[in-house]
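K.L.:
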Amino acid sequence: WAIQNEMQVVNMSLGTSSDILSLREAVQRVNQAGIVQVAAAGNSGGAVIYPAAYPEVIAVSATDPNDAIYSWSSYGSAVDFSAPGSNYTTTNSGGYAAFSGTSASAPEVSGALMLLFSVNSSFTPDEAENFLKNTARDLGAAGWDEYYGFGRIDVGAAVAAASGGAPPPPPPAGVAITSYQVSQKTATTATITWTTNIPSTGVVKYGTSSANLNLSSADNNISTSHSLTLTGLSKFTKYYYQITAQSSDGT
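For any residue, its number in my numbering is found by taking its place in the sequence shown, counting from 1, and adding 356.
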């Protein structure tokens, strides 16, 4: 359908953990037709799902309101860009509703690409993508990384660059969580470690439901490396957690 109707961009806010032959072949046919494909990286907090994991597809991870990778966003070598995906307001059944997930992040990249094609419809897919790469806000480790890809897209800067104007100056570097993991676990404790791009303090909120993180622990040491041990946990219980970092200037 996308080929027959001469689409320029296909957004896929969907996915599967399985590499399905028919899906892979469809992605390859669309790519050969010169159509840009964008897909959600996934919401497992683990490996990027398909079709985002295919090399022909632009994979998009999700950031939170603080420009940090969201804890459930999938990540890995396939990630190309990140975009806001936490409590994102979007249309819903004739109205508006808050939505979280990489399924919200992917269409932001798709929309940005369509704006670039509206500036110059003769752009090749690679040229349009390069405007996003060259103007994205670099988060996490310098350059490309498996959490943010080439960075969080900056639509205004990309369109300005494509239009021949100077892109707006980048905002000051804010604090971003560059890596995190549960490094040690016992029956009643868990140690959470994380790193940030600039010195910061941090808070870990946690609980037995992602909707009710009613417990917290703080690391008030200003550093780029952090570690907190959560104690008093219940055996055989699944816990959810969220890390918030704050730099010395309050960002």
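Glycine included, each C-beta is placed from N, C-alpha and C at the ideal position.
(1) Between which two residues does the alpha helix (DSSP H) harbouring D487 extend?
(2) K541 bridges to which residues according to DSSP?
(3) For G467, report the span of its alpha helix (DSSP H) as first-last.
(4) Given a cut-off of 8 Å, decide if S579 and K561 are closer than it, judged by their beta-carbon atoms.
(5) Locate the beta strand (DSSP E) running through Q393, then write down its first and last residues.
(6) Can you tell me the Cβ-Cβ gap for A309 and L472, rounded? I've got them flagged as a contact below 8 Å.
(7) Going by C-alpha to C-alpha distance, which of I425, S603, Q364 and L589 sits closest to S474?
(8) Do you know offhand how far D375's Cα is from Y410's?
(9) Residues in its own chain within less than 7 Å of E412 by CB, not counting five upstream and five downstream?
(10) For N361, count the other beta carbons within 10 Å of its own beta carbon; 16 or more makes it buried, fewer makes it exposed. Which is it?
(11) For the stretch 430-448 against the stretch 531-550, do three or more pairs of beta-carbon atoms, one drawn from each stretch, fall closer than 8 Å, so that the two count as touching?
(12) Where do the N-terminal and C-terminal ends of the beta strand (DSSP E) with L571 fall, by residue?
P.N.:
Taking the structure as given:
(1) At residue 487 the sequence reads Phe, which differs from the Asp that was named. Its alpha helix (DSSP H) spans residues P481 to T491.
(2) A546
(3) T458 to V475
(4) no
(5) V392 to A396
(6) Here the chain covers residues 357 to 607 and nothing more, so residue 309 does not appear.
(7) Q364
(8) 9 Å
(9) V383, Q384, N387 and Q393
(10) exposed
(11) no
(12) L571 to L586
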